[in-house]
Amino acid sequence: MPTLNLYGPEFQADPHGTLRLAREQNWCASTPIGIAVLRHQEVQALLNHRQFRTPGADLLAMQGFGQGAMADAMRSFLLNTEGADHDRVRRLVTHAFTTRSVDAFRPRMRAIAHELLEAAQAGRAEFDFMVDFADRYAWQILCEFVGIPAGALMQIQSWNADIGLMFGLSVAEHAPRIEAALTGLYAFIDELAAELRQSPGENLLSALVSVENAGDLLTKDELRAMAITLMSAGSSTVTNQLGNAIVTLSQHPDQWRLLAAERDLVTQAVEELIRFSPSVILGVPRIASDDLSWNRLEVQRGACFLPVVGSANRDAAVFEQADRFDITRKVERGQPGHLAFGGGIHYCLGAALARAELQEALPILAERLTTLELAGPGEWLPPTEAVYGPIKLPLRAVASPD
Ligand code: HEM
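Be aware that the sequence shown starts at 68, since it is given in our numbering, and climbs by one per residue.
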């Protein structure tokens, strides 16, 4: 099996190019953290395979935190639950998190996009797309959609950042901060849930609380875990997807002009952007729950596999001219699509919301910015992070003539 050094300079500088070379050699490659699965068919099969599970608290246990508040929290996140526990919570949440509820929120998405862009462009020759637009847009929508009051936004972001440290490899160093954030966020959610039970609003948490009232129960712990999951799964994924979209479109000015001229292309354009430059490249690792034989590999219980969705999305066996970015690309019904939202039982719960956020923001950006001109290379997260994209992206504010 070929090797793929995820921490080497080639992958860090050019993840998609490096993955192409590896994918052309074999469907899998050995990496320092497990076996990377690189081709569409095999990635899809891995995501659907019921003898592979998500990592749960394995990484915490390896660092000596297999028990306690952090491990309990980690095991309770939807992505880390399996079987009947997962199915029950997922069914309840899906009941509340509907395409209708997302569509009803589209006018707010447009209003937020206009407001942010106006402020970002006001009297300035350039602005930072990530800081002034993408991050604020994703967070403001997420909080309003979920039902977090605007005044709590900064506190929530700070707790979310601290809780995020739990997914890394320096947990011992940060344990007190992480535990304090969990305690703070739990108390906040308990109080908010009690308020929304008394006077519900048009938001996801109100719907989840009423699901809880209607006999089929989401427990207090499940509600807390869901709130944390939504904050972490629904923020930086969208922020970075927006950043990746703007970088890709700035490198393809003809496609930017086409999108500005033909708004009806926006749905296809968003799918193509997510396929071509997804904010999740390596995917959520899968762990073999038993010894098994898979794709001519003898797999031992506990072995780690990476469903490299960013590689599957460029597989020439599935996508014609896969390295070509083309917003008119159509995936016909019944044909396999991109895998940026994962697959199987853990398929991204927020995919409709994420798509809508991009579909609403891009036409407004295209309307207000005639040309997309980067004012520098920006700063990037390493592609080995769970989420990949720019942290800073200076953009020249070339406004469209009115
Ligand atoms: C472009 C933005 C997004 C991307 C690329 C993305 C990607 C993913 C991926 C790769 C997974 C794991 C799927 C698997 O391994 O099979 C996932 C799961 C999940 N995502 Fe997203 N996501 C995005 C936005 C969102 C948003 C906006 C929300 C909610 C507000 C969300 C909530 C979730 C949840 C709850 C799960 C776990 C589902 C389960 O375990 O059943 N995501 N997402």
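Virtual Cβ for every residue (Gly too), placed ideally from N, Cα, C. This structure is a prediction, so every number in the text was calculated from the model and none was measured.
Where DSSP assigns a beta bridge to Lys459, which residues make up the other side?
Glu446
How is the beta strand (DSSP E) around Thr121 delimited, first residue to last?
Where Thr121 is concerned, there is no enclosing beta strand (DSSP E), given that its DSSP letter is neither H nor E.
Below 8 Å CB to CB, which residues in the same chain sit around Gly231 once its five sequence neighbours on both sides are set aside?
Ser299
Start and end of the beta strand (DSSP E) containing Ser266?
Segment: none, Ser266 is in no beta strand (DSSP E) and carries neither H nor E.
8 Å Cβ shell around Glu193 - same chain, five flanking residues per side excluded
Ala442, Pro461, Leu462, Arg463 and Ala464
Residues that DSSP places opposite Asp195 in a beta bridge:
Pro461
Reduced DSSP secondary structure (H/G/I, E/B, other) of Gly231
helix
By the DSSP assignment, the beta strand (DSSP E) with Cys371 in it spans what residues?
Cys371 to Pro374
So the candidates are Gln134, Glu338 and Leu332; which of them puts its Cα closest to the Cα of Ala418?
Glu338
Exposed or buried, Asp331, counting other C-beta atoms within 10 Å across all chains shown (16 or more means buried)?
exposed
Coil, strand or helix - Ser344 by DSSP:
coil
For Tyr455, tell me which candidate among Leu259, Phe78, Leu126 and Arg264 has the shortest Cα-Cα distance.
Phe78
Alpha carbon to alpha carbon, what distance is there between His319 and Arg106?
26 Å
Measure the alpha-carbon distance for Ala248 versus Trp323 and round it to whole angstroms.
41 Å
Below 8 Å on the Cβ atoms is my contact criterion, and I expect His83 with Ile431 to pass it. Report the Cβ-Cβ distance as a whole number of Å.
That pair is no contact at about 28 Å.
When you compare the CB positions of Ala383 and Gly369, do they come within less than 8 Å of one another, or not?
no
Cβ atoms of Val375 and Gly410: under 8 Å apart, would you say?
no
Closest Cβ-Cβ distance between Glu440 and chain C: below 8 Å?
The structure shown has no chain C; it contains just one protein chain.
Would you tell me roughly how many angstroms separate the C-alpha atoms of Gly218 and Ser344, rounded to the nearest one?
33 Å
By the three-class DSSP mapping on this structure, what secondary structure does Ser378 have?
helix
Where do the ends of the beta strand (DSSP E) carrying Ser97 lie?
Cys95 to Thr98
At least three beta-carbon pairs within less than 8 Å, the segment 127-135 to the segment 94-110:
no
Say yes only if the C-beta of Cys371 is nearer than 7 Å to one or more non-hydrogen atoms of the ligand HEM, and no if none qualify.
no
Under three-state DSSP, which class holds Phe251?
At residue 251 the sequence reads Gly, which differs from the Phe that was named. In the structure shown, Gly251 sits in a helix (DSSP, three-state: H, G or I).
Let's see if you can read the secondary structure: which residues bound the alpha helix (DSSP H) around Gly84?
Pro82 to Gln92
Got a sec, what are the start and stop residues for the alpha helix (DSSP H) Glu185 sits in?
Arg173 to Gln188
Roughly how many whole angstroms lie between the Cα atoms of Leu126 and Glu329?
47 Å
Label Gly401 either buried or exposed according to how many other C-beta atoms from any shown protein chain fall within 10 Å of its C-beta, with 16 as the threshold for buried.
exposed
Kindly identify the DSSP beta-bridge partner or partners of Arg353.
Phe372
For the putative contact between Ser273 and Leu284, defined by C-beta atoms under 8 Å, what is the C-beta separation to the nearest angstrom?
No, Ser273 and Leu284 are not in contact; Cβ-Cβ is about 16 Å, not under 8 Å.
What runs of the beta strand (DSSP E), each 3 residues or longer, lie entirely inside the segment 121-145?
none
Glu452 (DSSP reduced to helix, strand or coil)
coil
Residues that Ala103 bridges to, as DSSP identifies them:
Ala96 and Leu373
Look at the alpha carbon of Glu163 and the alpha carbon of Ala112, and state the distance between them as a whole number of angstroms.
The sequence given here places Ala at residue 163; Glu does not occur at that position. Their backbone Cα atoms lie some 29 Å apart in a straight line.
Measure the alpha-carbon distance for Leu429 versus Val333 and round it to whole angstroms.
8 Å
Would the beta-carbon of Leu275 fall within 8 Å of that of Val160?
yes
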